[in-house]
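Comments concern the structure below.
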Amino acid sequence: MKRRQYLWSAAAVLYVLFIFSNSMKTADLSSADSGAVLKLVQQVLTAGGVDSTIITEHVIRKTAHFTEYAALGILLCLCFRTFALSLDRRVLSQVLVSFLVPFTDETIQLFVAGRSGQISDVWLDCAGAAFGTVVFMAAARILSRTGVKKRDKKL
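Following the UniProt record's numbering, the numbering of the sequence shown begins with 1 at its first residue and continues without gaps.
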């Protein structure tokens with residue numbers, strides 16, 4: 001295995017563990033985290049003269065789901081492109097992992113005090129991973145068309 005494969009594989013695995021660790025938090029701890037982010041966002045909006053009451057903990061939680069999985073989609077692209085896989089196998093691997101991680105994530109929550117697994121969150125997470133994948137692919141295409149040179153392949 002090449003160094004880049006180890007690097008991106010380790011980054012993807014560690015990020016998935018981070019996602020799972022968030023799901024293992026009790027409802028009280030998870031709510032406290034969301035509440036802290038909510039307070040910060042509302043303060044920033046209020047300072048900017050924007051009505052911050054439209055932002056709720058529910059909005060913060062769903063945005064976190066989507067964003068967390070968009071980052072996973074990007075990481076998976078970086079990981080799978082280091083392997084000598086056909087495009088079909090790379091796409092299949094990306095889709096499979098982008099479904100299995102949120103499915104497992106929501107299943108974990110079924111066993112945590114005060115938490116529940118939501119099928120709607122699986123869909124939201126999958127949409128986030130798909131969005132991250134599309135953003136990565138679009139950026140890669142733009143960079144390749146603008147003549148940005150690829151980095152040294154020895155990495």
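We put the CB at the ideal spot given by N, CA and C, even for glycine.
Keep in mind that this is a model prediction, so the values were computed, not measured.
Going by beta carbon distance, what residues of the same chain come within less than 8 Å of residue i, once the five residues before and after it are set aside?
i	result
A64	S34 and V37
I119	E106
S116	Q109 and L110
Could you round the C-beta distance between residue i and residue j to whole angstroms and report it? I think they count as a contact, below 8 Å.
i	j	result
T82	R4	5 Å
I74	F136	5 Å
L85	S93	7 Å
Can you tell which of the options has the C-alpha that lies nearest to the C-alpha of residue i?
i	options	result
residue 212	A71, V50, I54 and S21	Within the shown structure, residues of the chain are numbered from 1 to 155, placing residue 212 beyond reach of any answer.
S21	A140, V134, I108 and D121	I108
V122	S98, V134 and G114	S98
Y6	L76, L45 and T46	L76
F111	K25, V135, R145 and L17	K25
T133	G49, T56 and R90	R90
F18	S144, Y69, K39 and V41	Y69
E57	V135, A27 and S86	A27
Once you ignore the five residues that flank residue i on each side, which residues in its own chain have a CB closer than 6 Å to its CB?
i	result
V16	V101
G114	T26 and A27
ask   = Okay, do the segment 51–64 and the segment 1–15 touch, 3+ Cβ pairs below 8 Å being the bar?
value = no
message = For the structure I just gave you, are there three or more beta carbon pairs, one from the segment 97–109 and one from the segment 123–138, closer than 8 Å?
response = yes
query = How about the segment 76–96 and the segment 130–148: do they share at least three Cβ pairs that are nearer than 8 Å?
reply = yes
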